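Trainee: In terms of our numbering, the sequence shown opens at residue 134 and continues consecutively.
Next up is a structure, given as structure tokens.
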Amino acid sequence: MQLTDPTLLRSQALVNGEWVDADSGKTFEVLNPATGEAIGTVADVGANETRRAIAAAEAAFPAWRDSTAKQRSDILRRWHELLMENREDLAQLMTYEMGKPINEARGEAVFGASFVEWYSEEARRAYGEIIPTHDPSKRLMTLKQPIGVVAAITPWNFPLAMITRKVAPALAAGCTAVVKPPEDAPLTALAAAELAGRAGVPAGALNLLPTSEPAPVGDELTANPVVRKLSFTGSTATGKHLMAKAAGTVKNVSMELGGNAPFLVFDDADVDAAVEGAVASKYRNNGQTCICANRIYVQDAIYEEFAKKFAAAVADLRVGPAIDEATAVGPLVNEKAIEKVDDLVTDALAKGAGALTGGKRHALGRTYYEVTVLTDVTPDMRISSEEIFGPVAPLYRFETEEDGIALANHTPYGLASYFFAGDNARIWRVSEGLEYGMVGVNTGLISGVTVPFGGIKESGIGREGSHEGLAEYLETKFVCVGGI
Ligand code: ADP
Numbered sequence: 134m135q136l137t138d139p140t141l142l143r144s145q146a147l148v149n150g151e152w153v154d155a156d157s158g159k160t161f162e163v164l165n166p167a168t169g170e171a172i173g174t175v176a177d178v179g180a181n182e183t184r185r186a187i188a189a190a191e192a193a194f195p196a197w198r199d200s201t202a203k204q205r206s207d208i209l210r211r212w213h214e215l216l217m218e219n220r221e222d223l224a225q226l227m228t229y230e231m232g233k234p235i236n237e238a239r240g241e242a243v244f245g246a247s248f249v250e251w252y253s254e255e256a257r258r259a260y261g262e263i264i265p266t267h268d269p270s271k272r273l274m275t276l277k278q279p280i281g282v283v284a285a286i287t288p289w290n291f292p293l294a295m296i297t298r299k300v301a302p303a304l305a306a307g308c309t310a311v312v313k314p315p316e317d318a319p320l321t322a323l324a325a326a327e328l329a330g331r332a333g334v335p336a337g338a339l340n341l342l343p344t345s346e347p348a349p350v351g352d353e354l355t356a357n358p359v360v361r362k363l364s365f366t367g368s369t370a371t372g373k374h375l376m377a378k379a380a381g382t383v384k385n386v387s388m389e390l391g392g393n394a395p396f397l398v399f400d401d402a403d404v405d406a407a408v409e410g411a412v413a414s415k416y417r418n419n420g421q422t423c424i425c426a427n428r429i430y431v432q433d434a435i436y437e438e439f440a441k442k443f444a445a446a447v448a449d450l451r452v453g454p455a456i457d458e459a460t461a462v463g464p465l466v467n468e469k470a471i472e473k474v475d476d477l478v479t480d481a482l483a484k485g486a487g488a489l490t491g492g493k494r495h496a497l498g499r500t501y502y503e504v505t506v507l508t509d510v511t512p513d514m515r516i517s518s519e520e521i522f523g524p525v526a527p528l529y530r531f532e533t534e535e536d537g538i539a540l541a542n543h544t545p546y547g548l549a550s551y552f553f554a555g556d557n558a559r560i561w562r563v564s565e566g567l568e569y570g571m572v573g574v575n576t577g578l579i580s581g582v583t584v585p586f587g588g589i590k591e592s593g594i595g596r597e598g599s600h601e602g603l604a605e606y607l608e609t610k611f612v613c614v615g616g617i
């Protein structure tokens, strides 16, 4: 890995504006998932460093809160510029630490930076209200004020964007933050924090705590009463655990949790467009996003045509090292991930599914899996109810529109959903009928900085991006002025 600016490869934790080692002196290695080779070593911090980072964020809070929105906006704008200037280095870091194909990593560098730009703009629009009074002697208003110290815990699949999507609105609102990046991909986060410092984010306003053992750090972040908000992105199981812990001090929480996205293709759909949409939704980030199509339901009349065309399109995707420009699907993040995917496929094949293409580990070895399309998948197979997080697409049949919606909704999850259809009335009915936080209609790609991203049911609480993402870090204070 050759960075244009080698000083972006950090190896320590960021506490109160200083790069520090773990108290214990312990470090852990960050591995290239394709080869298993270490590409960096970082400080492995615990509860004590976490306490100090929270104290630093608390100390930095009053001055940051009392700065003007314009001052915070200017610093965020500068941070955005630095992220953009260094986007190739950020992309390289991501690709090397978690295996995102390089062209997608370049896309994420820009996407991640875009949240900082957006919230530099939204910082200046945290408007309160004047409320028509119910009493002539009183005047009524609301103020929007920053919640306080924010803890953010993020996953490895979007090493930059999951951090900027939380930290940028937190800082814009006037909050200070303590971030625990993922153990599989801490290097991009550390580089982004270095750039935040260069942009003028004050000491203590943004702290970063790499660790190979998330529990002690997470326990402190959730138990410490100074932390007023927890924003988490990751699995539903971990989210539930953290919510329960955060309940002890009644912290405000935002949760972006797992998905089990349905992708419905109705018989009036443009089949070629649906194939293209399904490939885009399923195989992005090697199939490792919480909004990747997890269950593809195709209406009877077009099932055979769709399956044939989809399998052919998937078979064309080039599997290879993430750093190669021509690679469409790279390695999975680690060996645990590949074992889980392999288990799900083996279970489905044993219970009667067929592989239209792929179906086993890739000849490249280690963390590579063949791009796979399974047919005749049934609800008793584990793959029907678990998040796949790999380049495997199960196909299901359905008969009527009502059946399709019911099958799609038959899950405790409710993050993203997709469907392809032609009829306008059907598009409205299905959009309204899907119990999901997000619906993609005739498209497999829905994310963007201006729109509210988030789920319902066990997929989460709250929204990120858009103007709603800023509100997650603001409290509404009602002020009643009497004696008038
Ligand atoms: P996945 O690794 O499948 O994306 P996780 O929910 O395990 O999902 O991980 C998401 C983030 O949550 C990571 O940063 C991970 O380190 C963190 N995490 C996992 N367990 C805990 C815990 N007990 N306390 C705090 N953070 C945790």
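Heads up, the beta-carbon is just placed ideally off N, CA and C, and yes, glycines get one too.
No experiment lies behind these values; they were computed from the predicted model shown.
Over the uninterrupted beta strand (DSSP E) stretch that includes LEU273, give me the two end residues.
Mentor: From DSSP, the beta strand (DSSP E) with LEU273 extends over 272–279.
Trainee: DSSP state of GLN145, grouped into three classes?
Mentor: The answer is coil: DSSP assigns GLN145 none of H, G, I, E or B.
Trainee: Under 7 angstroms between the Cβ atoms of ASN181 and ASN290?
Mentor: No, the pair does not count as a contact, with Cβ atoms beyond the cut-off.
Trainee: Is it the case that the Cβ atoms of ASP138 and THR160 are separated by a distance below 7 angstroms?
Mentor: In this structure, THR160 does not lie closer than 7 angstroms to ASP138 by Cβ.
Trainee: Using only alpha-carbon positions, find the residue among ILE424, ALA496, VAL386 and THR583 that is nearest to TYR546.
Mentor: Of ILE424, ALA496, VAL386 and THR583, the residue nearest in Cα terms is ILE424.
Trainee: Would you say the beta carbon of PRO288 comes nearer than 6 angstroms to a heavy atom of the ligand ADP?
Mentor: Checking every heavy atom of the ligand ADP against the Cβ of PRO288, one is found closer than 6 angstroms.
Trainee: Let me make sure I understand the geometry here. Which of ALA348, ARG185, LEU164 and ALA167 has the alpha-carbon closest to that of ASP154?
Mentor: Of the listed residues, the one whose Cα sits closest to ASP154 is ARG185.
Trainee: Terminal residues of the continuous alpha helix (DSSP H) containing LYS469?
Mentor: From DSSP, the alpha helix (DSSP H) with LYS469 extends over 468–483.
Trainee: Per the DSSP calculation, MET571 is bridged to which residue(s)?
Mentor: Answer is ALA549.
Trainee: Specify the secondary structure class of MET514 as computed by DSSP and reduced to three states.
Mentor: MET514: coil per DSSP, three-state reduction.
Trainee: Kindly examine the ligand ADP and report whether one of its heavy atoms sits closer than 6 angstroms to the Cβ of SER368.
Mentor: Yes, Cβ of SER368 sits closer than 6 angstroms to a heavy atom of the ligand ADP.
Trainee: Looking at GLU316: is its Cβ nearer than 7 angstroms to the Cβ of SER345?
Mentor: Contact: yes.
Trainee: Looking only at C-alpha atoms, which of ARG198, GLU262 and LEU304 sits nearest to VAL249?
Mentor: Here the closest residue by C-alpha is LEU304.
Trainee: Is ASP403 closer than 7 angstroms to ALA554 when the C-beta atoms are compared?
Mentor: In this structure, ASP403 does not lie closer than 7 angstroms to ALA554 by Cβ.
Trainee: Determine whether the beta carbon atoms of GLU523 and GLY420 lie at a separation below 7 angstroms.
Mentor: At residue 523 the sequence reads Gly, which differs from the Glu that was named. Yes, the pair counts as a contact, with Cβ atoms nearer than the cut-off.
Trainee: Starting from ALA310 and walking both ways along the beta strand (DSSP E), at which residues does that stretch end?
Mentor: That run of the beta strand (DSSP E) goes 309–313.
Trainee: Taking the beta strand (DSSP E) that TRP152 falls in, what are its first and last residues?
Mentor: TRP152 -> beta strand (DSSP E) spans 151–153.
Trainee: If you draw a straight line from the C-alpha of HIS600 to the C-alpha of SER592, how long is it?
Mentor: Roughly 21 angstroms separates the two Cα atoms.
Trainee: Per DSSP, GLN432 is paired with what?
Mentor: DSSP lists PHE531 as partners of GLN432.
Trainee: Does any residue of chain D bring its CB to less than 7 angstroms from the CB of VAL163?
Mentor: Protein chains in the displayed structure number just one, and chain D is not present.
Trainee: Tell me PHE586's beta-bridge partners as DSSP assigns them.
Mentor: GLU597.
Trainee: May I ask you to list the residues that DSSP assigns as paired with GLU255?
Mentor: Paired residue(s): none; GLU255 is not in a bridge.
Trainee: Confirm the yes/no value for this check: CB of PRO527, any heavy atom of the ligand ADP, distance under 6 angstroms.
Mentor: No, the Cβ of PRO527 stays beyond 6 angstroms of every heavy atom of the ligand ADP.
Trainee: Can you tell me the Cα-Cα spacing of ASN340 and ALA246, whole angstroms?
Mentor: Cα to Cα, the separation comes out at about 18 angstroms.
Trainee: Relative to the alpha-carbon of GLU468, which residue among GLN204, ALA348, GLY498 and VAL506 has its alpha-carbon at the smallest distance?
Mentor: When only C-alpha atoms are compared, the closest one is GLY498.
Trainee: Which stretch, first to last residue, makes up the alpha helix (DSSP H) that contains MET134?
Mentor: Counting along the chain, MET134 falls outside any alpha helix (DSSP H), and DSSP gives it neither H nor E.
Trainee: Would ALA444 and THR490 qualify as a contact pair, given that the criterion is a beta-carbon distance under 7 angstroms?
Mentor: Contact flag set, yes.
Trainee: Report yes if the CB atom of PRO288 is closer than 7 angstroms to the CB atom of GLY367, and no otherwise.
Mentor: In this structure, GLY367 lies closer than 7 angstroms to PRO288 by Cβ.
Trainee: Taking C-alpha atoms, which residue in LEU540, THR228, HIS267 and ARG515 lies nearest to THR479?
Mentor: When each option's Cα is compared against that of THR479, the closest is ARG515.
Trainee: Roughly how many angstroms separate the alpha carbons of LEU548 and VAL614, rounded to a whole number?
Mentor: Going from the Cα of LEU548 to the Cα of VAL614 covers about 42 angstroms.
Trainee: Express the C-alpha separation of LEU397 and VAL408 in angstroms, rounding to a whole number.
Mentor: Each residue's Cα considered, the two are about 11 angstroms apart.
Trainee: How is the alpha helix (DSSP H) around ARG220 delimited, first residue to last?
Mentor: That run of the alpha helix (DSSP H) goes 220–231.
Trainee: Out of ARG361, ALA377, GLU162 and PHE244, which has the shortest C-alpha to C-alpha gap to GLY281?
Mentor: Among ARG361, ALA377, GLU162 and PHE244, the Cα nearest to that of GLY281 belongs to ARG361.
Trainee: Let me know the secondary structure DSSP gives PHE399 once reduced to three states.
Mentor: Coil, per DSSP.
Trainee: Taking 6 angstroms as the cut-off, does the CB of THR609 come closer than this to any heavy atom belonging to the ligand ADP?
Mentor: Not so, every heavy atom of the ligand ADP lies at least 6 angstroms from the Cβ.
Trainee: Let's see if you can read the secondary structure: which residues bound the alpha helix (DSSP H) around ALA356?
Mentor: Its alpha helix (DSSP H) spans residues 347–356.
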